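In mature numbering (1 follows the signal peptide of the UniProt record, and there is no 0), the protein residues as written are -19 to -1, 1 to 458. Where is the CB? At the ideal position from N, CA and C, for every residue including glycine. None of the values given here were measured: they were computed from a predicted structure.
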Amino acid sequence: MKVKYLWASLLVFSLFSCDDTTNTLGLSMMPDSDVIALGAKTFDVSTETVLAGPVYAKTSMGYLGKYTDPNFGSFDADFLAQLTCTEQFEFPLERMVPVDPKAAQKEYEATASSINLYYTSFFGDSLNACRLSVYELNKELSKQNQDTYYTSIDPLQYYDSSTGLIGKKAYTAVDLSVAESTRKSSTYYPSISLSYPLAKANSIIKLFQTSKAQGKNFKDEFAKAFKGLYVKCDHGDGTVLFIDQVHLNVSFKMYAADSLGKFPIKRKQKGYETEDSTYVTTAMFGSTKEVIQANRFTNDQKLEDLAKITDHTLIKSPAGLFTKVKLPIGQIANTLEKDTLNSVKLAFNAYNSQTSNQFGMKAPQYLLLVRAKDMQKFFENNMLTDNITSYIATFSSSNNQYVFNNIKRLVTTCISENKSNISPDLTEDMMLVPVAVTFDSNNSMISIRHDLKPGYVQLKGGKDNKLKLEVIYSSLK
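Following this line, the structure appears as structure tokens:
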């Protein structure tokens, strides 16, 4: 090969060396004596807005509230949650204060009980007046049923509104009854609390006694007896809480132990001996990743009208609007049949956010580009991007873009799968989906799930405005 073309060979080699795929177009056909030249072409890409429909939402976070946006209409969020305890959980019967210490069959009662909803963040108005209702479930949520984890779950299948009501509670996202100095402290954990009936709390203690006497596992027996809670917002518009933890607390009296661990402590008072030094402690049952937390989202019909707009596309979370992308696989394959793809770039330009609401939604931080036919299993199987048929792009606020810098392996994979019959009009449907991405301490991606927080972005494109797919390729000269 002539020396003056050595730079071209080195450049092409550097482009290939960063990609370990063997899917190329035409490279194996090039004789050693030929010169490699680089070229660039653009191809039209069609995009359209589509309704997201129900999305897979297996998460330990509960979303609660209602929010109405002038552009997207109203959005409602409520959730169902199972509660559990540790495998070794015990009520300390030997130290609990019985109702009647002299009775042969000891009985114990709770002094207080409550449902507590803890949250660290929220969306919307911090002082908006809201009210929630909490119901006890009468049917168990099933881990085996994938529908349990979709945002279309029907709460009416799991509770009875006429008999299951535990209580109602008015609230605001920021509780002004708590001192500002307390709210700003690092140990403050905002919560909403409402009373849980003592009769029900006492039945939990009784269940433990029975389970212990019969040698049964209390954790399993509790799951059968207490099937969970349904929490919904029935008043207020403008605030959505992100509930981190749901707790059922059961408080009861216990005897204090002395320095030797003996109890009850005996003291002399005014010439006679008495047993005292009791105190109140609390047992907690909580929502964890071990059990189910199922979110239900409903969106306004206004989304259907927005999906029909053709001069741009929209992304709206949660479970609102996605953007479908049609990659021109057939055109690329036929146009560059004897060439080699080096890189394929696809950028989505975002319009500046326009909303008349002071709590306007922000653009999602991450967008997932995934094959439409693979999207369901991607989320249900908790998959990560492979940079072959799925990619992640981060929103750049400096230039209002999501950029997928090199989706060459996606294009070559699609061509390879259809190599026996590639027509010029062959396309591959991709979905552009807002996601939440979790990283570990080494900045390695460990999970990708649907973004369930309110957000939106308007993208250039649509049926009336084609995007440009930029392709760098090598060819024989």
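For residue i, three-class secondary structure by DSSP
i: Cys66; result: coil
i: Ser(-6); result: Summary for Ser(-6): the model assigns pLDDT 44, below 50, so the residue's position carries little reliability, and this model does not support an answer.
i: Arg277; result: strand
i: Val392; result: helix
i: Tyr130; result: helix
i: Met356; result: helix
i: Lys200; result: helix
i: Ser143; result: coil
i: Gln439; result: strand
i: Leu118; result: coil
i: Tyr152; result: strand
i: Glu271; result: coil
i: Ala374; result: strand
i: Ser397; result: helix
i: Asp445; result: coil
i: residue 481; result: It is not possible to answer for residue 481, since the shown part of the chain is limited to -19 through 458.
i: Asp81; result: coil
i: Asp135; result: coil
i: Leu302; result: strand
i: Leu210; result: strand
i: Asp421; result: coil
i: Asp406; result: coil
i: Leu61; result: strand
i: Lys434; result: coil
i: Met10; result: In this prediction, Met10 has a pLDDT of 49, which is less than 50 and means its spatial position is unreliable; what the coordinates show is noted afterwards. Three-state DSSP puts Met10 in a helix.
i: Lys289; result: coil
i: Lys307; result: strand
i: Lys319; result: coil
Where the alpha helix (DSSP H) through residue i begins and ends
i: Gly311; result: 310 to 316
i: Ser192; result: 179 to 194
i: Arg164; result: 161 to 164
Contact belief for residue i with residue j at Cβ below 8 Å, rounded distance in angstroms
i: Gln439; j: His293; result: 6 Å
i: Asn399; j: Leu407; result: 6 Å
i: Val325; j: Ile388; result: 5 Å
i: Thr132; j: Pro35; result: 5 Å
i: Leu210; j: Ile96; result: 7 Å
i: Cys66; j: Phe266; result: 5 Å
i: Ala58; j: Tyr44; result: 4 Å
i: Phe303; j: Val26; result: Not confirmed; about 16 Å, so no contact.
i: Ile427; j: Asp421; result: 5 Å
Candidates the options: closest to residue i by CA position
i: Asn230; options: Ile186, His216, Leu45, Leu146; result: Ile186
i: Leu146; options: Tyr152, Glu90, Val212; result: Val212
i: Cys395; options: Ile429, Arg352, Gln282; result: Arg352
i: Val221; options: Asp50, Phe360, Ser143; result: Asp50
i: Gly217; options: Asn109, Ile313, Asn323; result: Asn109
i: Gly436; options: Ala344, Phe223, Phe266, Lys22; result: Ala344
i: Ser378; options: Glu361, Asn333, Asn363; result: Asn333
i: Ile173; options: Tyr152, Phe385, Gly148; result: Tyr152
i: Lys39; options: Lys354, Arg277, Lys47; result: Arg277
i: Phe233; options: Glu71, Lys208, Thr291, Ala328; result: Glu71
i: Ala237; options: Ser258, Asp225, Asn330; result: Ser258
i: Asn386; options: Ser425, Tyr116, Ala374, Thr393; result: Ala374
i: Ile453; options: Ser167, Thr316, Gly54; result: Thr316
i: Glu285; options: Phe53, Phe223, Tyr37, Ser162; result: Phe53
i: Leu327; options: Val306, Ser425, Pro79, Lys83; result: Val306
i: Lys283; options: Ser268, Gly301, Ala275; result: Gly301
Residue i - partner residues in DSSP beta bridges
i: Phe104; result: Val221
i: Pro415; result: Leu348
i: Thr262; result: Phe233
i: Ser456; result: Ala18
i: Asn330; result: Gln382
i: Asn97; result: Ser174, His228
i: Phe56; result: Tyr48, Asn280
i: Arg112; result: Ala151, His216
i: Ser324; result: Ile453
i: Gly43; result: Ile224
i: Tyr37; result: Tyr131
N-terminal and C-terminal residue of the beta strand (DSSP E) that residue i is part of
i: Leu32; result: 17 to 32
i: Leu365; result: First-last for Leu365: undefined, no H or E at that position.
i: Lys297; result: 293 to 298
i: Met426; result: 426 to 431
Cβ-heavy atom distance, residue i to the ligand MG, below 7 Å
i: His293; result: With respect to the ligand MG, the structure shown offers nothing to examine, as it has no ligands at all.
Chain C within 8 Å of residue i, Cβ atoms only
i: Asn380; result: The structure shown has no chain C; it contains just one protein chain.
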